[in-house]
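A.B. asks:
Numbering (my numbering), first residue to last: 1284 to 1631.
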């Protein structure tokens, strides 16, 4: 993350200038971790002014929807910038939460607009028996669908094993699922009001059916309990955030979350800002990813839908065919286990 210092020469004695800049570099790394989801990291501007015996340090950081400004004064420039950067870090986290909510609101609005407008077109394409353009248009109005199906397919241990052994192609699964959605759409009396949730619900059901069908076809007999599936899903879990992403072509949306926002998860778990700061390190992030590897496939699926794909609890419950309370409890249990795991590994 870049920074620009104005009037560094004002700080005296001269050797304090080095300490001043070192403090900025050190604290800026923590701010950079908070903003790792940003498409482009902003540049911090540090302005130095002397008023009598005191230094006045002004920090400005242009975030996506607001320019943050923090001012601190003191007889020690190093101490003043240290305090200013601590204040800025808290402001950055709060502003990121505001921007995330704004992003989600815009995303939901635009997806709803697309699906509402798309219902008539999909119905027309189905009436014309145009399966190819039906599927193409479905991808257009639900840009996350293909990626979601890929994630869920890899979460099925049997399917993952068959794909890795080259006995099955991911495109075979995608084609099978899209045709299933097309067929199911044709059985409806009218287009569903919540088209996106209906599609995801059908995809989830059909993916389970496909998994069972291939299990019978290949005659695979294996204990697929969480402990046994861990080895098969370890690589995917560790790299869930790095899976190929489709471009989400949503107008006026520049804040896209393709990685876990771990600080948000820790906040949801009830940790204070000071407690979260303990876990804003590369080591802690690797520990949290390791924790994910130890969770069962269904739990990870729900966790990803909520924190990566950004579905609300009610929407996940609809897609998974569960009660909202069950999904909320599962997420809360996972967050509690994460905190316990973190403290055992990092603070022991």
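Note that the Cβ used here is the ideal one computed from N, Cα and C, for glycine as well.
Note that this is a predicted model, so its numbers are computed, not measured.
Name the DSSP bridge partner or partners of residue 1328?
C.D. replies: 1287, 1343
A.B. asks: Inspect the beta-carbon positions of residue 1294 and residue 1360 and report whether they are closer than 7 Å.
C.D. replies: Cβ distance < 7 Å, so residue 1294 and residue 1360 count as in contact.
A.B. asks: Quick check on residue 1357: does DSSP put it in helix, strand or coil?
C.D. replies: strand
A.B. asks: If you count every other CB in all the chains shown that lies within 10 Å of the CB of residue 1423, and 16 or more means buried, which is it?
C.D. replies: Residue 1423 counts as exposed, since fewer than 16 other C-beta atoms from the protein chains shown sit within 10 angstroms of its C-beta.
A.B. asks: Tell me whether the beta-carbon of residue 1358 lies closer than 7 Å to the beta-carbon of residue 1337.
C.D. replies: Yes, Cβ-Cβ distance for residue 1358 and residue 1337 is below 7 Å.
A.B. asks: From 1342, 1375, 1384, pick the residue whose C-alpha is nearest to that of residue 1287; which is it?
C.D. replies: 1342
A.B. asks: Ends of the alpha helix (DSSP H) at residue 1564?
C.D. replies: Counting along the chain, residue 1564 falls outside any alpha helix (DSSP H), and DSSP gives it neither H nor E.
A.B. asks: Whole angstroms is fine: what's the gap from residue 1347's alpha carbon to residue 1585's?
C.D. replies: 29 Å
A.B. asks: Using a Cβ-Cβ cut-off of 6 Å (strictly less than) and excluding sequence neighbours within five positions of residue 1289, which residues of its own chain qualify?
C.D. replies: 1330
A.B. asks: Provide the residue span of the alpha helix (DSSP H) that contains residue 1624, from first to last.
C.D. replies: 1607-1629
A.B. asks: Less than 7 Å between the C-beta atoms of residue 1466 and residue 1493, yes or no?
C.D. replies: no
A.B. asks: Count the other CB atoms within 10 Å of the CB of residue 1301; is the residue buried (16 or more) or exposed (fewer)?
C.D. replies: exposed
A.B. asks: Do you know offhand how far residue 1344's Cα is from residue 1560's?
C.D. replies: 20 Å
A.B. asks: Report the rounded CA-to-CA distance for residue 1442 versus residue 1488, giving the unit in angstroms.
C.D. replies: 15 Å
A.B. asks: Taking Cβ to Cβ, would you say residue 1436 is nearer than 7 Å to residue 1418?
C.D. replies: no
A.B. asks: Within the continuous alpha helix (DSSP H) that includes residue 1436, where are the two ends?
C.D. replies: 1428-1438
A.B. asks: Taking 7 Å as the threshold (C-beta atoms), are residue 1590 and residue 1543 in contact?
C.D. replies: yes
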